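Worksheet: the structure to be examined is printed underneath.
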Amino acid sequence: MIVYLDGSFIDHAEARVPVDDRGFLFADGLYEVIRVYGGRPFLAEPHTDRLRRGLAAIRIDAGAAHGLIDIAHRLLEENGLVDADAIVYIQITRGVAPRKHAFPEPGTRPTVYVTTKPHARPANESFTDGVAAITVPDTRWGRCDIKSIALLPNVLANQQAKEAGAFEALFVREGVLIEGSHSNLAAIIDGEIVTYPECNYILGGITRRFVLDLARESGIPVREAPIFLDRMDDVDELFLTGTTTEVMPITRLDGRPLGDGRPGAIARRLQLAYSEVAVRSLAAPT
Numbered sequence: 003m004i005v006y007l008d009g010s011f012i013d014h015a016e017a018r019v020p021v022d023d024r025g026f027l028f029a030d031g032l033y034e035v036i037r038v039y040g041g042r043p044f045l046a047e048p049h050t051d052r053l054r055r056g057l058a059a060i061r062i063d064a065g066a067a068h069g070l071i072d073i074a075h076r077l078l079e080e081n082g083l084v085d086a087d088a089i090v091y092i093q094i095t096r097g098v099a100p101r102k103h104a105f106p107e108p109g110t111r112p113t114v115y116v117t118t119k120p121h122a123r124p125a126n127e128s129f130t131d132g133v134a135a136i137t138v139p140d141t142r143w144g145r146c147d148i149k150s151i152a153l154l155p156n157v158l159a160n161q162q163a164k165e166a167g168a169f170e171a172l173f174v175r176e177g178v179l180i181e182g183s184h185s186n187l188a189a190i191i192d193g194e195i196v197t198y199p200e201c202n203y204i205l206g207g208i209t210r211r212f213v214l215d216l217a218r219e220s221g222i223p224v225r226e227a228p229i230f231l232d233r234m235d236d237v238d239e240l241f242l243t244g245t246t247t248e249v250m251p252i253t254r255l256d257g258r259p260l261g262d263g264r265p266g267a268i269a270r271r272l273q274l275a276y277s278e279v280a281v282r283s284l285a286a287p288t
């Protein structure tokens, strides 16, 4: 596999990052994942815009994000993925410097790492039958809107879900369902989509925003408001959104069926709408 590292396209086996890189020492960096359908990056511009906003928020020179889409296209070509479903992974850290908590000297070059790999759409049974989720306390830091590579709470939560035989762990803060360990969350209550307001407690998901726009275009009302865990009897449907999960219905929560235990009509409707737009994107020029 060919990867991009600090200006060079090299074999993955030859890629090396110094042990003094601040991403390794402090998790001092950001990442982004872009979905690719048929060799074409999907929603690439919103993803790179979010990356630039994140870089500005943690005070890394946004110039490090220059030319990323061109790099992605070349990697897709180099790795034989020009007609494939894949993902592009981008990681930018503050760079290599002696280990001190304060920022390194001005002029320290950020480390930029980009990879591509094949990635099939979620298993058909997950789309048609839905998935299980568990709830866990939200132990993350207060800037979840920054897509930081410091993901230990997410890793621990997702491992807990895996050990419980579930697909996702849903973070709960003060009795409110916030989002998943690697996805955003929405509920259907009385025919309306309800999702936690975009703020520092959730990642402003690119797919989340895209699906909410699809819903509005389809005449489905959307409201940003809390989803209370102790009022799940009011919830008709629950689903995840994400770059790799797309629109994923949740049919079991904490070991119990949600509603009738089957994906609801609105989630299925949004799945279809998402798929139609993704397929149409294949005909668009690169």
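Using our numbering, you'd call the opening residue of the sequence shown number 3 and step up by one each time. Positions of the beta carbon are idealized from the N, C-alpha and C atoms, including for glycine. In this text the structure is predicted, and so the values were computed from the model without any measurement.
C-beta atoms of A88 and L78 nearer than 8 Å = yes
Is the stretch 105-117 touching the stretch 143-158 in the sense that three or more CB pairs, one from each, lie closer than 8 Å?
-> no
Can you tell me which of the three DSSP states T246 falls into?
-> coil
Would you call the stretch 236-250 and the stretch 124-142 touching, i.e. three or more CB-CB distances under 8 Å?
-> yes
Of the residues I208, I4, A29, I180, the one placed nearest N81, counting alpha carbons only | I4
Which of helix, strand or coil does DSSP assign to P155?
-> helix
Do you know how far the Cα of Y203 is from the Cα of S305?
-> Because the chain in this structure spans residues 3 to 288, residue 305 falls outside the shown range and cannot be described.
Taking all protein chains shown into account, do 16 or more other C-beta atoms lie within 10 angstroms of the C-beta of I208, making it buried, or fewer, making it exposed?
-> buried
Since T141 contacts D256 with CB under 8 Å, what's their CB separation in whole angstroms?
-> At roughly 18 Å, the Cβ-Cβ gap does not stay under 8 Å, so T141 and D256 are not in contact.
State the DSSP-derived secondary structure class of G172, mapped to helix, strand or coil.
-> For the sequence presented, residue 172 should be read as Leu rather than Gly. Note: L172 maps to strand in three-state DSSP.
Between R42, H184, P259, Q273, which lies nearest to H75 when the distance is taken from Cα to Cα?
-> R42
For the stretch 223-242 against the stretch 263-282, are there 3 or more C-beta pairs whose distance is under 8 Å?
-> yes
G25 and T95 look like a contact to me (Cβ under 8 Å); what is the Cβ gap, rounded to whole Å?
-> 3 Å
Tell me which same chain residues have a C-beta within less than 6 Å of the C-beta of A166, skipping the five on either side of it?
-> I136
Ordered along the chain, which non-local residues of its own chain (more than five positions away) have a Cβ less than 6 Å from that of P199?
-> E226
Would you report the Cα separation of T288 and I73, rounded to the nearest angstrom?
-> A caution first: T288 carries a pLDDT of 49, below 50, which makes its placement in the model unreliable, though a value can still be read off. If I take the Cα positions, the gap works out to 13 Å.
Put L77 into one of helix, strand or coil per three-state DSSP.
-> helix
In terms of alpha-carbon separation, which member of E107, L231, F129, I36 lies closest to F169?
-> F129
Report the partner residues of K119 according to the DSSP bridge assignment.
-> I89
Proximity of H178 and F230 at Cβ, strictly below 8 Å = Note that residue 178 is Val in the sequence shown here, rather than His. Their beta carbons are under 8 Å apart, which means V178 touches F230 by this criterion.
Element boundaries [beta strand (DSSP E), containing G56] | Careful: G56 lies outside any beta strand (DSSP E), inside the alpha helix (DSSP H) at 46-59.
Start-to-end residues for the beta strand (DSSP E) that takes in N31 = According to the sequence displayed, residue 31 carries Gly and not Asn. Note, G31: beta strand (DSSP E), 31-39.
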